[in-house]
Structure formats: structure tokens, C-alpha cells
Amino acid sequence: MKPAVFKLQKPVPLDAQMACLRGDGPNLIAGGFDGVARRYRADGMSIVTTGAFNGLTGWLTGIDQLPGGFVVGVDSHGNAMSWKGDARLWSRPSLSAGWLRAAANSPDGKFVAIAARDGFLRLLRTDTGATHKELSLGDDLMSLAWSRDGSRLAVGNLHGSVVVLSSSLTVTVKFDIPGFFKIDRLQAVGGIRRLAWGPDDATLVAMGAEPRTGGFVQAIPRVAVTDAQGKLMHDLKLGGENEGFALDSGWHPDGWLAVVTSGQPGTGKIHQIDVLSGKALASVPVVNPHGITMVSRQLMVVLATNANSSGNGKVKDSGGTYRGNHSVLQPVTAV
Amino acid sequence: MNCGMQHSLSRRSWMSCMGAATASLARAAPSGGVSSDRQLLLVWLDGGLSQLESWDPKPGTRFGGPFRSIPSVVSGIRISELMPQTARHTNKLALIRNLCTQDNSHSAGVARIQRGDPKNRGVDYPYLNVASARWLGPKAVELPASMVIKPGNGGFLVNETGFLGPRHAALALGDGKPPALLDRPADLAAAEDDLRLSLRDTLDRMGATARGSSLALANTETFKLAETLRRRRDLFDPARLSRNDIERYGDTDLGRHLLQARGLLEAGVRSVKVISYGWDSHGDHFNGSMSLMPQFDRGLSALLDDLGNRGMLDHVLVVVLSEFGRTPRINGHLGRDHWPEAWSAAMAGAGIVPGQVVGETVADGSEVKGDSYDIGHLFHTIFYALGISTSAIHYEQSGQPLPLAHEGMYPIKALLRKPPENAR
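Shown next as C-alpha cells:
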């Protein structure tokens, strides 16, 4: 596997701040702080808006889509909703009392798994939204990943534990990966922010950070590769303690994992990881990235926040207006 | 000088520190002090509590963040969903949502807010807890007038005293534990210790008589304080806190320290400050808030329960304050930065009209709507709530009369049960 050469293309500014990004090839969907799911199409290096889904009220922090146009979104107010084509398919308001962190469709398209801060893992039917099964795993569940064959579902939590379940939600393995969590003063810091199954469908990739402090949150981005039983095979630290969390990832068709890390405002990188050998092959700086999806062998799109996003006090623009920040979609070529 | 330094005090620095603290033990009413049964509890959330995740939520707006607001026991007052237990106590609270202050840095803001940001007269004003204790004097005969419970080291907090001088320093219990060097060393027999204390007392008296040494007297007073503190170990021995109480307040630094503060107030300490660190959430703020806020919510709620049930809110004024709030704008690391422009504080208890919100911010929280209050307004209000008239009393500093609070500002009428004539 050779190091990729990344090249950042012209970024596309969005009209709001987005929490997450998922893609089905060129069809992208981003979940907004305003509860709106915005659809885009990556057409070569240009990215065009193709529509939006409304209805959720909190931060839309978990989103997934299936070929054929099924989209599911979950928000920080505990609501879940799905859309198909241009219409709402079903709605599950107040599915949870609190934040729904992540959603992932099963590979066969029958179910959507939803991870919640209340510790519940729920399996809903994608056609009706009815609850198929639910299980309390007793911790803030932050990430989800189905194996490619759909037989296993991995769930990562705030305290750095991973639970692997069967497709019927029977727990098969539970293990801790030490170092993904810390209490600093009063603050709980860390968590497994992203999970992925390896190319062999047997290894698991847990992403997050080795936290050092709360507040600013100083943390070393971390990618831990384990076997399916939780034995640590590789433990990659992707930078220094100002570089924050490994927040999202996408598989390249050539079998390497693209991981985005974001630390102090203004920093961030895309990393090329060979998961099976446990090597970081290449990286490129990107400002404030927190989502990524693969469009094609040559193109990926990164979800990021605009530059100069931080500052104390009432930072105004040249016209004297106090503006919020916004997201950008950053096309990146990799050869 | 670090009076909080543990186990490494030379005799000279010990004497100096102890001399600094003597006035905390003053037995007489303070010169020019006021007669009042009131006490102050200042809960200082160091780093900056987010008004949007606490007292002034703006869900569904561009800066509102991921959380909802919830109704409270007072119709029309909604607070963050991260404070469900405190929502049952808004009938005891007055929320001030229109603070607009001057500093957006910790280095300036922490001191400036706690000193009340008076006009610059070339002197450092004392912190609120120290100033209150100075005017109200000790309530319990043997205990310091001003005490602080904080994470980390304890000792006498000389830097808070400003021009009042180190003799007004509050005694801080680091991690809620007794002051260092309080106990007799294990290898020193009680009889031998008594002998040494007797000898020290004799020498101190001789020194005081022969040379008029205030340091010698300070040393004597400090050893007396040590005796008192040893007898009142129940006030600051975490091992003696009730398990049930710890459960109610939360088994966290903040919960335990608020519980200890209740004990100090009951024992008659005039001014108690609880400091909580770790609120400067520039990054990952919302995940951080989900661990920070429940600890604050639980501890404050239990405290308000207890103070209310014991009738203490009649004479104890509770103030929850930071050096500033946090930016409405959410940065690229999902954090909020420093924000003095439009933020909130909360008060409860003595002299305050509870169950209300004073002031408001615009829909997205980016500025105060209508009139704003600076920290000087809040200082006038707090002093009046404690029974200290800021128009009748002033400091005397080297012959110069100095107002207690910014003379360009005034008490907030809506907050005070008995507002003075100059309140607005």
C-alpha cells in the first residue's frame, strides 16, 4: 500500500453548521445543527444542493442512507425520522429521553440501529420505524458499526468499551480499550467516537483520543485496531495533544481508511491508515474537519467548520455583524 | 508568598502567613462594621459557566446548541434540560440574564468580577467574599469569618484581600480537607506537645510584651485557631460527611464541597466560597456539559433543599457566579469561548426576591435586550441583600474613602426585598 497524495480542492461553504456527513457514492447527506438533513451531489469537483429533509428539532448528529433513497436521521432531542424519495417515511418522536448519538442501517436494509446517550441500543424496522428490539447497555453509546456481512454490530461508548452483538442484539463480546477516557476535574472526556470494521470484516477499528485535559480538551487522536475478541493489534497515535479526536472515517476502495482528526480550532488533518499493518501512511492538514465520506477512488469529501471559527468576545465581521460559523464541504482528491 | 504550601513552611514564612491570617480570628466586631445575621455563600464556577446550557437556554436558534429547555416550578421560567433538579427550585432563585461585563480573559476577569470592577483608583479591591466578611465580621466566635472550599491546595488566600491586607485572608480548605500541619505529629507525645505549646505561648507573650510584636500575637492566635479547628473537625473531615447527604449532593468534588459549605454556614462562618474548576469549555463543550452540569445541578439543588428546609435562606445569600459566560457562536471544535457581553448569574436567599428572572437577551442570545447590568450593579445588590449599605459605608484606605462598589452603578431594585432609595 502506497502513501496517498492528497490535494485539497475548492471548498463549498454551506448555509449552516453541520454535525455529520454520510455518503452513498456521489450522493451526500449532512445533518445540521438546525435539525435539517441537507442533500448534495458531488459532481466531479463541484458540489450542488439537491434538497433537504425537515422535521427534526435538535442537532442532527446521526444520519445514514441506503441505495434507493432511504435516509434515517436522529437528533439530540431524542427524535428519529426517516425519509424516502422526497417524502417523510416515518417519525419516532421522543424515541429516547435524551440525545440519540448515531444511526446505522443494516447492510440488508431491514433495520436501523440507533445508539443513545441513555445507554439503549435500539433496532428499528426501516420500512415502518417500529421498534424491533432494544437493549440497555448502560452507558453513553457514542458510535455504531455493522459488519459488512450484517451478522455483527459493534457499539462504542464514552468510557472506551466496545460491545459486539449479533444481528438479533445478543451480546457476544464486550471489552475495554484502556486510555480512551479520562475524568479531568469534573469533566468526563473522551469516548469511542467512531467505529469501523476492517477490510477483513474481522478486525475492529476504534477511533477517538487519548484525553489529557478537559476544558480546551487536549487529547491525542487515537486509532486502535483490535481483533473481534478485543485483543489490541495496533495502537496509532495521530499527533500531539493539541490535535484532538479522530472523529470520522471512510474506507477507500483500495482498502485504506481515511480518518479525520480535529483538535484546537483551526487545526485538523486527514490521515491515510493501513489498518491491517497498523501504519499511518500519509496526512494532509484541513481546517476543523469532523466528517468524511468517500465519493470515488479519486475523490473524498470532508465536512469541516470554516476557518477563524473561534475567538473570545463579540468577534464581528467587517460589516460589524456578529456572525455564527458555518460548515464547508471540502473536496479532496487522493492519488 | 504561597501560604497554601504544604509541609514546607519555614518558621519565617509560617509566622508571616499566620500573621496574615490573624484578622480572620478577630473576636471583636469589625471597625465600622454592620450588625447583621446574614451570611454569604458564593459558588464560583471558574472558567465560565455557559448561560446557554444553564440559566438562559435558546433551543432551536442558531446558537442554541443541542439541548432543550425545560419548564421549571415557576410558570414561565425555563432553564436548560441539563438542570432538571434545579428546575424544581426556581421559586427560590432569582436569575439575572442581562449581565454585560468588561473582560473576556480569565487573567483579568476572575479578579475583576470578584473585586466588583470598581473605578480604577490605583488599589486592588478585596474579593466579594472577603469584603463581605470584613463588613459583617465573624458570626461564630471561634471560626474564621471567611472560608473557602476549593480543589487543590488550601491555606490562607492572601491574594483575595486587596487593600484590606493579608490579615483578612480567607482560610481555604484544599479538597475540603483540614489545613496542613493541623495535627500533632504522630511521633510527638501529647505531654511533650503540651510542654512545647506552653513554652511557645510564654515566649510569644514575652515577645509581645517586650517588643509589641504583632507577629507574636498572630502566632498565638493561629495556634488557638488550630485548636478550634481540631475540635471542629466535623466541619471539614470528609470522612464525617453523611453517606446519605453525599448521595444527595453527589459524590463529586463539587457535591461534597457544597455539602461542606452547608456545614460551615451552619457553624457560623460568615462568608463561604466554593470554587469549582474546569468550566472553561473551549472544546467539546456539549459533551463536557453533559458531565459538568449534572454535578452542579445535583449539588445546588440539594443545597437549596437543605437551606430552605432549615430556614437558612432567611439569612444566607447564595450567589452563583463566573468570570463571564460563553460565546453563542459555536467554534470549530464544538466549543464555546469567553463571553462577557450577555450572560447570566443566579441568586437565592437573604434579601432577594425569588422566583423571577431579571433582564433578558435577544432571541439568539447574542446581546442583552434592553438594559444591561455590570458587575458593579450586582455588587451593590449583593451588599444590600447582606444588610450592608453601599451608600452609607465606605472603606478607609490610607485616609482615602473608597466606595464599596462602583459609584457609577446602583442596586438592582427588582432583586431586593427592601431596595434602597437609589435602587433602580
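Protein chains in written order, with the working numbering: chain A, 27 to 361; chain B, 2 to 425.
Glycine included, C-beta positions come from ideal geometry on N, C-alpha and C.
Name, please, each residue of chain A whose Cβ falls closer than 8 Å to the Cβ of Asn154(B).
Those do not exist, as Asn154(B) stays about 15 Å from chain A at its closest Cβ, beyond 8 Å.
According to DSSP, is Pro404(B) helix, strand or coil?
In this structure, Pro404(B) counts as strand in the three-state DSSP scheme.
Using a Cβ distance threshold of 8 Å, determine whether the stretch 346-353 of chain A contacts the stretch 36-45 of chain A, with at least three qualifying pairs required.
Yes, they touch.
Beta-carbon within less than 7 Å of Asp144(A)'s beta-carbon, same chain only, minus the 5 sequence neighbours each way: which residues are those?
Only Ser122, Ala123, Gly124 meet the Cβ criterion.
Check whether the stretch 354-362 of chain B and the stretch 93-113 of chain B touch, using three or more Cβ-Cβ pairs below 8 Å as the test.
The stretch 354-362 of chain B vs the stretch 93-113 of chain B: in contact.
In chain order, what residues of the stretch 274-285 of chain B put their CB closer than 9 Å to some CB of chain A?
The stretch 274-285 of chain B vs chain A, Cβ under 9 Å: Ser277, Tyr278, Gly279, Trp280, Asp281, Ser282, His283, Gly284, Asp285.
CB-CB under 6 Å to Ala366(A), same chain, minus the five flanking residues each way: which ones, in chain order?
The shown model of chain A, from 27 to 361, leaves out residue 366(A), and the question about it has no answer.
Since Thr287(A) and Gly266(A) are thought to touch, with beta carbons under 8 Å apart, how far apart are those beta carbons, to the nearest angstrom?
Between Gly266(A) and Thr287(A) the Cβ distance is about 11 Å, and since that is not below 8 Å, they are no contact.
Please confirm whether Leu174(B) has its beta-carbon closer than 8 Å to some beta-carbon of chain A.
So no, Leu174(B) is outside the interface.
Taking a Cβ distance cut-off of 7 Å, strictly less, list which residues of the stretch 158-186 of chain A are near chain B, in chain order.
Within the stretch 158-186 of chain A, no residue has a Cβ that lies closer than 7 Å to any Cβ of chain B.
Buried or exposed for Ser192(A), going by 16 or more other Cβ atoms inside 10 Å?
That one is exposed.
Taking 8 Å as the CB-CB cut-off, is Ala141(A) touching chain B?
Chain B contact via Cβ: absent.
Closest to Ala113(A) by CA distance: which of Ala330(A), Gly49(A), Ala63(A) is it?
The shortest Cα separation from Ala113(A) among Ala330(A), Gly49(A), Ala63(A) belongs to Ala63(A).
Using the Cα positions of Asp50(A) and Leu115(A), report the straight-line distance between them to the nearest angstrom.
Asp50(A) and Leu115(A): Cα-Cα distance of roughly 19 Å.
Who are the neighbours of Asn53(A) on chain B, taking C-beta pairs under 8 Å?
Neighbours of Asn53(A) on chain B: none; closest Cβ ~26 Å, over 8 Å.
With C-beta atoms as the reference, is Val317(B) less than 8 Å away from Gly264(B)?
No, the pair does not count as a contact, with Cβ atoms beyond the cut-off.
What's the gap between the Cα of Val111(B) and the Cα of Gly175(B)?
Distance between the alpha carbons of Val111(B) and Gly175(B): 19 Å.
DSSP on Gly48(B), reduced to helix/strand/coil?
Correct three-state label for Gly48(B): coil.
Does DSSP put Phe68(B) in a helix, in a strand, or in coil?
Coil.
Between the Cα of Tyr278(B) and the Cα atoms of Ala393(B), Ala146(B), Gly153(B), which residue gives the shortest distance?
When only C-alpha atoms are compared, the closest one is Gly153(B).
So, at 8 Å on beta carbons, what are the nonlocal neighbours of Ile203(A) in its own chain, with the 5 sequence-adjacent residues on each side left out?
Gly186, Ser187, Val188, Ile218, Ala232, Ala250, Thr252, Gly256, Leu258, listed in sequence order.
Quick one: what's got a C-beta closer than 6 Å to Leu10(B)'s C-beta in the same chain, skipping five residues either side?
In this prediction, Leu10(B) scores a pLDDT of 32, lower than 50, which makes its location untrustworthy; no coordinate-derived value is stated.
In three-state terms, what does DSSP make of Trp56(B)?
Trp56(B) falls in the coil class under three-state DSSP.
If we count the other Cβ atoms within 10 Å of its Cβ and call it buried at 16 or more, is Gly251(B) buried or exposed?
Looking at its Cβ environment, which holds 16 or more other Cβ atoms inside 10 Å, Gly251(B) is buried.
Whose Cβ in chain A lies nearer than 7 Å to the Cβ of Arg330(B)?
Neighbours of Arg330(B) on chain A, chain order: Gly350, Asn351.
Kindly indicate which three-state DSSP category Thr328(B) falls into: helix, strand or coil?
Reduced to three states, the DSSP call for Thr328(B) is coil.
Rounded to whole angstroms, how far is the Cβ of Ala171(B) from the Cβ of Ser147(B), which I believe are closer than 8 Å?
Indeed, because the Cβ distance is near 4 Å, the residues count as touching under 8 Å.
Look up Ile296(A) in the DSSP assignment and give the residues it is bridged to.
BP columns for Ile296(A) point to Val286(A), Val310(A).
Kindly indicate the opening and closing residues of the alpha helix (DSSP H) around Thr382(B).
Where Thr382(B) is concerned, the enclosing alpha helix (DSSP H) stretches over 376-386.
Taking Cβ-Cβ distances below 7 Å as the criterion, which residues of the stretch 239-273 of chain B are in contact with chain A?
The residues in question are Thr253, Asp254, Leu255.
Name the two residues that bound the continuous beta strand (DSSP E) containing Val358(A).
Segment 353-360, the beta strand (DSSP E) holding Val358(A).
Name the chain A residues whose beta carbon is nearer than 7 Å to that of Leu293(B)?
Chain A residues near Leu293(B): Leu212, Gln213.
Specify, as a first and last residue, the run of the alpha helix (DSSP H) that Asn245(B) falls within.
Asn245(B) -> alpha helix (DSSP H) spans 244-250.
Can the beta-carbon of Asn99(B) be found less than 8 Å from the beta-carbon of Val275(B)?
Cβ atoms of Asn99(B) and Val275(B): not closer than 8 Å.
Please tell me whether Pro311(A) has its Cβ less than 8 Å away from any Cβ of chain B.
No, Pro311(A) does not count as interfacial toward chain B.
Would Phe146(A) pass as an interface residue toward chain B - the criterion being a Cβ-Cβ separation below 8 Å?
With 8 Å as the cut-off, Phe146(A) does not count as an interface residue toward chain B.
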